[in-house]
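Chemist: One structure, as structure tokens, below. Some questions next.
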Amino acid sequence: LALTHYKPEIGSKEYGMDHLDLFKPETYEFVDALFKEYLEGDNPVFVGKRVHIGTDEYSNAKKDVVEKFRAFTDHYIRFVEGFGKQAVVWGALSHAKGDTPVKSENVVMNAWYNGYADPATMIKDGYQLNSIPDGLVYIVPKAGYYYDYLNEPYLYKEWTPAHIDKAVFDEKHPSILGGMFAIWNDHVGNGISVKDIHHRIFSPLQTLSVKMWTGAQTGIPYETFNEKRALLSEAPGVNQLARIGKKPELVYERSTVAPGSTSDYPEIGYNYTVSFDITGAKESEGTELFRSPNAVFYLSDPIRGMMGFARDGYLNTFPYKVNPGEKATIQIEGNNCSTTLRVNGKVVDEMNTQKLYFNAGKDSMNYVRTLVFPLEKAGNFNSKVQNLKVYNYCVSKP
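Here you go:
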């Protein structure tokens, strides 16, 4: 899709402009040049020993396109091998069953859907497999299909890479290299942030790391594993989840927040509550309360002067404005599904998942309005902000 957006003339009019036209010589000239640019020279872009060439989900409606797809796959396997790389492909050769030979020796295949590539047949044909069954280990955030969050208890207790969907092989089968999981951001504009993506992948990264190393021999019950892993950091000096504290508690407070001041923490992640008292003053549009490297919380947003926040290119505003002279207690609660504003104890808006319609109402997607709350630096506001309290849990749902 990215290639045909850049160069539409190599898109397929018959099978969709998001597909390469496998019958055009210009397609091969362009893709050859692209791989060459990434792979050759003393300082190549792809420095690892493997290169994934794609090749998946093409039509098998006609024999000529099946044979052309197989020839395309074989060509790029050999092409990247010419640069000393091991080729990786998506499993598609049962779907694209034909006569044109496709190299299998020393080729790795991602076994994602058995209807596209029967794993037993692929092993027989000589491929090495990565187990990545879509029905178990695919995440597509808030899409309504595949998982939003993986079923980790099931994966820990029941799954191993030897289980490729319903096809079960011997543990440590020599043709199954291991397993993977995937997150696909199919829906551009759905509000999912980098922090939301990290929130979805870090926990299964821990769980599936255990399964890749130990297979069926996990050693301890899931409940024990789940408890013990909470004691570990993400990595030395890394806290992308923005966790503060080990138990639910008040983790930070200040009697007064001075404009331009900094705090002890850059941000706080899900779940959290931030509360403060404010005496309003006239604020220009775009006045910030707090910012971090990842987000801004506005006292007065740049468009309409409302309270709101921006991150990852999205601006979300509450139906609330702090007026000059107004005194109020503000509370913001955030979790991985919503961001809620309360003023003087009353809910003003709960920004949960919102259904957005497009294409004249024929299509829709779920829009996410989450926030990892910024704390690093206070803005240059005129209002008086006091009694700041930050909790590492949602106080309305202890």
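Heads up, the sequence shown is in full-length UniProt numbering, so the first residue is 1 and it goes up one at a time.
Using N, Cα and C, we set each Cβ at its ideal position, and we do this for glycine too.
Along the chain, where does the alpha helix (DSSP H) containing I176 start, and where does it finish?
Modeler: Indexing the sequence shown from 1 puts residue 176 at position 176. Careful: I176 lies outside any alpha helix (DSSP H), inside the beta strand (DSSP E) at 176–179.
Chemist: Can you tell me where the alpha helix (DSSP H) holding N226 begins and where it ends?
Modeler: On the sequence shown, residue 226 is found 226 positions in, with the first residue counted as 1. Start and end: 222–229.
Chemist: Start and end of the beta strand (DSSP E) containing D18?
Modeler: In the sequence shown, residue 18 corresponds to position 18, counting from 1. That run of the beta strand (DSSP E) goes 16–20.
Chemist: Rounding to the nearest angstrom, what Cα-Cα distance links E29 and V45 in this structure?
Modeler: As a first step, residue 29 must be located in the sequence shown, where it is residue number 29. As a first step, residue 45 must be located in the sequence shown, where it is residue number 45. If you take the alpha carbons of E29 and V45, they lie about 19 Å apart.
Chemist: Does DSSP classify E40 as helix, strand or coil?
Modeler: Here residue 40 refers to the residue found at position 40 when the sequence shown is read from its first residue. Three-state DSSP puts E40 in coil, outside helix and strand.
Chemist: Could you pull out every residue in the same chain whose Cβ sits closer than 7 Å to the Cβ of T160, ignoring the five residues on either side in sequence?
Modeler: As a working note, residue 160 is residue 160 in the sequence shown. Once the five neighbours on either side are set aside, the close Cβ partners of T160 are E171, K211, G215, A216.
Chemist: Give me the residue from S383, F297, D301, N366 with the minimum Cα distance to P374.
Modeler: Stepping through the sequence shown from its first residue, residue 374 is reached at position 374. Closest by alpha carbon: F297.
Chemist: Going by CA-CA distance only, name the one from T340, F69, Y38 that's closest to L20.
Modeler: Residue mapping note: residue 20 aligns to position 20 of the sequence shown, counting from 1. Among T340, F69, Y38, the Cα nearest to that of L20 belongs to F69.
Chemist: Judging by CA-CA distance, which residue of T55, L208, H5, F202 is the nearest neighbour of residue 399?
Modeler: Outside the shown range of the chain (1 to 398) lies residue 399, about which nothing can therefore be said.
Chemist: Taking C-alpha atoms, which residue in T218, G48, V194, E81 lies nearest to E158?
Modeler: The residue you call residue 158 lines up with position 158 of the sequence shown. The shortest C-alpha separation from E158 is found at T218.
Chemist: Scan the segment 68–96 and note each continuous beta strand (DSSP E) run of 3 residues or more that stays entirely inside, going in chain order.
Modeler: Runs of the beta strand (DSSP E) inside the segment 68–96: 86–90.
Chemist: Return the CA-CA distance between D165 and P8, expressed in angstroms with no decimal places.
Modeler: In the sequence shown, the residue the question calls residue 165 occupies position 165. In the sequence shown, the residue the question calls residue 8 occupies position 8. Between D165 and P8, the C-alpha separation is close to 36 Å.
Chemist: Note down the Cα distance separating I176 from E105, rounded to an integer number of angstroms.
Modeler: Position 176 of the sequence shown holds residue 176. Position 105 of the sequence shown holds residue 105. Going by the C-alpha atoms only, they are around 14 Å apart.
Chemist: Distance, Cα to Cα, Y320 vs L299?
Modeler: Here residue 320 refers to the residue found at position 320 of the sequence shown. Here residue 299 refers to the residue found at position 299 of the sequence shown. Rounded to the nearest angstrom, the two C-alpha atoms are 10 Å apart.
Chemist: Please list the terminal residues of the continuous alpha helix (DSSP H) segment that includes A310.
Modeler: Position 310 of the sequence shown, counted from the first residue, corresponds to residue 310. No alpha helix (DSSP H) holds A310; the beta strand (DSSP E) holding it covers 308–311.
Chemist: Cutting at 6 Å between CB atoms, please list the residues of its own chain near F72, excluding the five before and the five after it.
Modeler: As a working mapping, residue 72 is identified with position 72 in the sequence shown. Here the set comprises L22.
Chemist: Using only the alpha-carbon positions, how far apart do V322 and S383 sit?
Modeler: By one-based count along the sequence shown, residue 322 stands at place 322. By one-based count along the sequence shown, residue 383 stands at place 383. Their Cα atoms are separated by approximately 9 Å.
Chemist: Assuming V372 and A295 are in contact, meaning their beta carbons sit under 8 Å apart, how far apart are those beta carbons, in whole angstroms?
Modeler: What you label residue 372 is simply residue 372 of the sequence shown in a count that begins at 1. What you label residue 295 is simply residue 295 of the sequence shown in a count that begins at 1. The pair is a contact, with the Cβ atoms about 6 Å apart (cut-off 8 Å).
Chemist: Mapping DSSP to helix, strand and coil, what is H173?
Modeler: Residue numbering aside, residue 173 sits at position 173 when the sequence shown is read from its first letter. H173: coil per DSSP, three-state reduction.
Chemist: In or out: I220 buried (at least 16 other Cβ within 10 Å) or exposed?
Modeler: The sequence position of residue 220 within the sequence shown is 220, counting from 1. Classification for I220: exposed.
Chemist: Tell me the residue span of the alpha helix (DSSP H) that contains D196.
Modeler: Counting from 1 along the sequence shown, the entry for residue 196 is found at position 196. Element bounds for D196: 194–214.
Chemist: Could you check which residue in F79, T339, M307, P266 has the C-alpha nearest to that of R291?
Modeler: Here residue 291 corresponds to residue number 291 of the sequence shown, with the count starting at 1. The shortest Cα separation from R291 among F79, T339, M307, P266 belongs to P266.
Chemist: Where does L136 land, buried or exposed, given buried means 16+ other C-beta within 10 angstroms?
Modeler: Against the sequence shown, residue 136 aligns to sequence position 136. So L136 ends up on the buried side.
Chemist: Can you check which of these residues, G91, A87, K282, is closest to L39 by C-alpha distance?
Modeler: Along the sequence shown, read from residue 1 onward, the residue named residue 39 stands at position 39. For L39, the nearest C-alpha among the options comes from A87.
Chemist: Which same chain residues, not among the five before or five after V51, have their C-beta less than 6 Å away from its C-beta?
Modeler: Taking the sequence shown and counting its residues from 1, one reaches residue 51 at position 51. These residues qualify, in order along the chain: V80, K85.
Chemist: Using the Cα positions of K36 and V47, report the straight-line distance between them to the nearest angstrom.
Modeler: Sequence index remark: in the sequence shown, residue 36 carries index 36 (1-based). Sequence index remark: in the sequence shown, residue 47 carries index 47 (1-based). If I take the Cα positions, the gap works out to 13 Å.
Chemist: Count the other CB atoms, across all protein chains shown, that sit within 10 Å of the CB of R304; report buried if there are 16 or more and exposed otherwise.
Modeler: Counting from one through the sequence shown, the residue named residue 304 turns up at place 304. So R304 ends up on the exposed side.
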